[in-house]
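*Asks:* This is the structure I want to talk about, given as structure tokens.
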Amino acid sequence: MLDNTTYHMSAVILLSYLLGSIPWAFIIVKVFYSEDLRKKGTGNIGAMNSFEITGKKWIGIAVFILDFLKGIASILLAKIISNDNTTIISLAGFFVILGHNFSVFMKFKGGRGLSSAVGVSLMINPLLFIIWALIWVIEFRLIKRNVHIANSAATVLLPAILIIIPENLLMKLMFIPNFSREMLIFITIAICILILIRHIKPLFELFKK
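Laid out in structure tokens, this is it:
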């Protein structure tokens, strides 16, 4: 017989994945421009491709905000259902991004997970986003002025920096009670892998030129 924790975990995993799978970029571009985002530009179902295809900043911003809110909503949902169970909250963060990147509604195509990951990180520990953003800016402005390279570099380096950063600093900004350093590093690595998988194609195409 399943206990409450197992029920809660199963519910959060399913709801987070379905929430992440909502393809806001596809919906907005389809409604306002009658375009199939999967067949335009990079084919990525996210904020950047939405902006590049439509040329409208408000489209890109709207998609970013809605995808960002998916990350926030998944963590809030997990907190409410599980009463701050850190394992279940971590799974919510992972599965909402899995859904965004590999949407069941889009034949397992999707975005790259960055907008939703920002929402997840700000709900668990904003230092994750701060570190990622700093690396991104340095990489983009000082080394290679390419978004995909900057995204990938920041995503690769984030877990490494979390490992060496002072624990007291990391724990001061932890928003989830009893969320351990080890759990934070583990879920960060898992989410970073999801993001990097979706960057393989654009990086391959970039270096092939």
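Numbering (my numbering), first residue to last: -13 to 195. Where a beta carbon is used, it is the ideal one built from N, C-alpha and C, also for glycine.
Curious, which full-length alpha helix (DSSP H) runs of at least 4 residues does the segment 47 to 115 contain?
*Replies:* Runs of the alpha helix (DSSP H) inside the segment 47 to 115: 72 to 87 and 100 to 110.
*Asks:* From the DSSP output, in three-state form, read off LEU159 for me.
*Replies:* Here residue 159 refers to the residue found at position 173 when the sequence shown is read from its first residue. Three-state result, LEU159: coil.
*Asks:* Specify, as a first and last residue, the run of the alpha helix (DSSP H) that THR(-8) falls within.
*Replies:* Here residue -8 refers to the residue found at position 6 of the sequence shown. Where THR(-8) is concerned, the enclosing alpha helix (DSSP H) stretches over -10 to 7.
*Asks:* If you draw a straight line from the C-alpha of LYS26 to the C-alpha of ILE13, how long is it?
*Replies:* The residue given as residue 26 occupies position 40 in the sequence shown. The residue given as residue 13 occupies position 27 in the sequence shown. Going by the C-alpha atoms only, they are around 14 Å apart.
*Asks:* Please state whether the Cβ-Cβ distance between LYS178 and LEU144 is less than 8 Å.
*Replies:* Residue numbering aside, residue 178 sits at position 192 when the sequence shown is read from its first letter. Residue numbering aside, residue 144 sits at position 158 when the sequence shown is read from its first letter. According to the sequence shown, residue 178 is Cys rather than Lys. It is a contact, given that the beta carbons lie within the stated cut-off.
*Asks:* Work out the CA separation of PHE172 and GLY96 for me, nearest whole Å.
*Replies:* As a working mapping, residue 96 is identified with position 110 in the sequence shown. As a working mapping, residue 172 is identified with position 186 in the sequence shown. The alpha-carbon atoms of GLY96 and PHE172 are separated by roughly 23 Å.
*Asks:* Report the CB separation of ALA64 from VAL(-2) in whole angstroms; it is logged as a contact under 8 Å.
*Replies:* To locate residue 64, count along the sequence shown from 1; it is residue 78. To locate residue -2, count along the sequence shown from 1; it is residue 12. 5 Å between Cβ atoms; contact.
*Asks:* Hey, out of TRP10, ILE124 and LEU55, whose CA is closest to PHE37's CA?
*Replies:* Along the sequence shown, one-based indexing puts residue 37 at 51. Of TRP10, ILE124 and LEU55, the residue nearest in Cα terms is TRP10.
*Asks:* Excluding five sequence neighbours on each side, which residues of the same chain lie with their C-beta closer than 8 Å to the C-beta of ILE74?
*Replies:* Reading the sequence shown from its first residue, position 88 is the one you call residue 74. Cβ within range, chain order: THR(-9), HIS(-6), MET(-5), VAL(-2), ALA64, ILE67 and SER68.
*Asks:* Suppose the cutoff is 7 Å on Cβ atoms and the five residues either side in sequence are ignored; what does the same chain contact list for ILE181 look like?
*Replies:* Reading the sequence shown from its first residue, position 195 is the one you call residue 181. Contacts found: ARG98, GLY99, LEU100, ALA103 and THR141.
*Asks:* What residues in its chain sit with their C-beta under 6 Å from that of MET220, if we drop five residues either side in the sequence?
*Replies:* Nothing in the structure corresponds to residue 220, since the chain is present only between -13 and 195.
*Asks:* Does the Cβ of ASP(-11) have 16 or more other Cβ atoms within 10 Å, making it buried, or fewer, making it exposed?
*Replies:* Here residue -11 refers to the residue found at position 3 when the sequence shown is read from its first residue. The residue is exposed, with fewer than 16 neighbouring Cβ atoms inside 10 Å.
*Asks:* Find out if the Cβ-Cβ distance for the pair VAL90, SER20 is shorter than 8 Å.
*Replies:* Within the sequence shown, residue 90 is the residue found at index 104, counting from 1. Within the sequence shown, residue 20 is the residue found at index 34, counting from 1. Against a cut-off of 8 Å, the Cβ pair of SER20 and VAL90 comes out as no contact.
*Asks:* Ordered along the chain, which non-local residues of its own chain (more than five positions away) have a Cβ less than 7 Å from that of ASN30?
*Replies:* Walking along the sequence shown from the start, residue 30 turns up at place 44. Correct list, in chain order: GLY97 and ARG98.
*Asks:* Tell me whether ILE162 is buried or exposed, calling it buried when 16 or more other Cβ atoms sit within 10 Å of its Cβ.
*Replies:* As a working mapping, residue 162 is identified with position 176 in the sequence shown. That one is buried.
*Asks:* With 16 other CB atoms within 10 Å as the buried threshold, where does PRO152 fall?
*Replies:* In the sequence shown, residue 152 corresponds to position 166, counting from 1. PRO152 should be labelled exposed.
*Asks:* Kindly list the residues whose CB is nearer than 6 Å to the CB of MET(-13), restricted to its own chain and excluding five residues on each side of it in sequence; keep chain order.
*Replies:* On the sequence shown, residue -13 is found 1 positions in, with the first residue counted as 1. With a pLDDT of 45 at MET(-13), under the threshold of 50, the modelled position of this residue cannot be trusted, and the question is left open.
*Asks:* Pick from LEU113, MET92 and LEU5: whose alpha carbon is nearest that of LEU52?
*Replies:* Against the sequence shown, residue 52 aligns to sequence position 66. Closest option to LEU52, Cα to Cα, is LEU5.
*Asks:* Comparing C-alpha positions only, which one of VAL15, GLY105 and LEU156 sits nearest to GLY46?
*Replies:* For the purposes of this step, residue 46 is identified with residue 60 of the sequence shown, where counting begins at 1. Comparing Cα positions, the closest option is VAL15.
*Asks:* Can you give me the Cβ contacts of PHE80 inside the same chain, cut-off strictly under 7 Å, excluding the 5 residues immediately before and after it?
*Replies:* The residue given as residue 80 occupies position 94 in the sequence shown. Cβ within range, chain order: ILE173, ALA176 and ILE177.
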